[in-house]
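Residue numbers (our numbering): 1381 to 1425. Notes follow once the structure below has been shown.
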């Protein structure tokens, strides 16, 4: 996503000026579970 206007902050830090700090504060979570139907759902979770 490219910024075209406005300002973004993560924990009070500017995401452009302090990009290294802000990127270290953000995690990525998968939206889908790996689906291996050989295992019961309890094992996958």
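Ideal Cβ placement from N, Cα and C applies to all residues, glycine included. No experiment lies behind these values; they were computed from the predicted model shown.
Using the DSSP secondary-structure output, state which residues sit across from residue i in a beta bridge.
i            : result
residue 1390 : 1393
Would you kindly report the start and end of the unbroken alpha helix (DSSP H) that includes residue i?
i            : result
residue 1382 : No alpha helix (DSSP H) contains residue 1382, which DSSP labels as neither H nor E.
Where does residue i fall in DSSP's three states?
i            : result
residue 1406 : coil
residue 1422 : helix
Leaving out the 5 sequence neighbours to the left and right, which residues in its chain are closer than 7 Å to residue i when beta-carbon positions are compared?
i            : result
residue 1395 : 1388, 1389 and 1402
In chain order, what residues of the same chain have a beta carbon less than 8 Å from the beta carbon of residue i, not counting five sequence neighbours either side?
i            : result
residue 1391 : 1402 and 1405
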